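Working notes, structure below.
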Amino acid sequence: MKKRGVSQKNKKRHPRKIIPFHKDYTIPLGIRVLSGYLIILFLFFMLYFILGISTPTTYVLGKIIRGADASAFNFAIAVLLAFLVYGYLNRKEWAFEVSVVWFGFGILNAFLSLFLHEGNSFSVLRNISLLSFFITLVVNGLILWYLFSERDYFVVRSYHKKPVQKKDLAFLYSLILIWACVFLVLVGLGLNFYNKTIRLSKATIAELKGSYLEEAQQKCSEKKGQEKDVCYLIMANNPEFDVSDRYQACRSINSDFYKFTCYQSMTQ
9 MKKRGVSQKN KKRHPRKIIP FHKDYTIPLG IRVLSGYLII LFLFFMLYFI LGISTPTTYV
69 LGKIIRGADA SAFNFAIAVL LAFLVYGYLN RKEWAFEVSV VWFGFGILNA FLSLFLHEGN
129 SFSVLRNISL LSFFITLVVN GLILWYLFSE RDYFVVRSYH KKPVQKKDLA FLYSLILIWA
189 CVFLVLVGLG LNFYNKTIRL SKATIAELKG SYLEEAQQKC SEKKGQEKDV CYLIMANNPE
249 FDVSDRYQAC RSINSDFYKF TCYQSMTQ
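Add 8 to a position in the sequence shown, counting from 1, and you land on the number used in the working numbering.
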């Protein structure tokens, strides 16, 4: 009876608290890995936000967004990622709910970006878009699976220390394997696209050398596909033309990738 009384007294003095870094509390390995992953994404969006302050451009839901809307979107995503990391490390229930919406939105965005502009892409760009969709689908799906399997971490009142589980290791190794494969595939596609673009650029620069604006426009308009877009991209980077004519060259580009590159090059 005496011990029970002491125990009840201690309970009143020491109410239960959720302290993430308490000695009796361990953040699951998968949550730590996911937090690190979001920190990398946060740094990427912040860097992209800072570099694009002069002429902000972003790509979302199959559309190119520019100006203040693009800046606001990139900054909002960075802030959201920072709050998610805070929520993960401090066991906030809202972090679980927001994560489901965020990673689900990522899948939707990749889906629309792939299918809404398929007709305006070249073979290499279509392959990259397809790979991007596949990556987002698999990675975000994997993350959602892990979050639902570890839902108790966010919702229970008391979360006790436990050893690393198989699902944590499966989550970690799957992410490593996926990104290793993605890296190798992207290197192959990137080198192929880069070499082809360099060949076209060199040939186009030689063809447009010494041409007046009207001549350059005529030559570019007669080309088709990737050659046409590369031609307009070369025009837009010619300092001998007026800025308004260079922006018009960017607007004449069909491919979203080259158009995006063209607008970004105008800010340099």
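No residue lacks a Cβ here, since even glycine has one placed at the ideal position from N, Cα and C.
Here the structure is a predicted model, which means the values were calculated and not measured.
For the pair glycine 218 and isoleucine 206, the Cα-to-Cα distance works out to about 20 Å.
Within its own chain, the residues whose Cβ lies closer than 7 Å to the Cβ of isoleucine 151, once the five positions on either side in sequence are excluded, are Leu42, Phe111, listed in chain order.
Inclusion of leucine 139 and valine 195 in the CB contact set at 8 Å is not warranted, their separation being larger than that value. The beta carbon of phenylalanine 50 sits closer than 6 Å to the beta carbons of Ala86, Leu89, Ala90 from its chain, once the five residues preceding and following it are set aside; these are given in chain order. In the DSSP assignment, lysine 236 falls within the unbroken alpha helix (DSSP H) covering 233-244. By the Cβ neighbour-count rule, glycine 95 is buried, with 16 or more other Cβ atoms within 10 Å of its own. About 5 Å separates the Cβ atoms of leucine 37 and valine 172, confirming a contact at the 8 Å cut-off.
Here the alpha carbons of tyrosine 45 and aspartate 160 stand approximately 21 Å from one another.
The beta carbon of lysine 175 is closer than 8 Å to those of Gly38, Tyr154, Ser157, Glu158 in its chain, skipping five residues each way along the sequence. In this model, glycine 114 and threonine 144 are separated by some 7 Å (Cα to Cα). A direct Cα-to-Cα measurement between serine 182 and serine 260 gives close to 42 Å.
When the Cα atoms are used, glutamine 256 and valine 147 turn out to be separated by approximately 39 Å.
In this structure, the alpha-carbon of glycine 198 lies about 25 Å from that of asparagine 82. For the segment 169-218, the continuous alpha helix (DSSP H) assignments of 4+ residues that do not extend past its boundaries occur at 174-216, in sequence order.
In this structure, the alpha-carbon of methionine 243 lies about 8 Å from that of phenylalanine 249.
Under the three-state reduction of DSSP, threonine 34 is assigned to coil, being neither helix nor strand.
Between isoleucine 35 and leucine 97, the C-beta spacing is below 8 Å. When Asn246, Asn245, Leu241 are compared, the shortest CA-CA separation from aspartate 264 is found for Leu241. The Cβ atoms of phenylalanine 142 and phenylalanine 119 lie no closer than 8 Å to each other. Under the three-state reduction of DSSP output, valine 164 falls in the coil class, being neither helix nor strand.
Per DSSP, lysine 227 is one residue of the alpha helix (DSSP H) stretching across 221-229. Excluding five sequence positions before and after threonine 269, the CB atoms of its chain that fall closer than 8 Å to its own CB belong to Leu241, given in chain order. Residue burial is scored here from C-beta neighbours: serine 229 has fewer than 16 other C-beta atoms within 10 angstroms and is therefore classed as exposed. Residue Lys267 holds the alpha-carbon nearest to the alpha-carbon of lysine 236 among Asp253, Lys267, Val251, Ser252. Glutamate 101 carries a helical assignment under DSSP once its states are collapsed to helix, strand and coil. At least 8 Å separates the beta-carbon of lysine 232 from that of cysteine 239. In the displayed model, aspartate 264 falls within a helix according to three-state DSSP.
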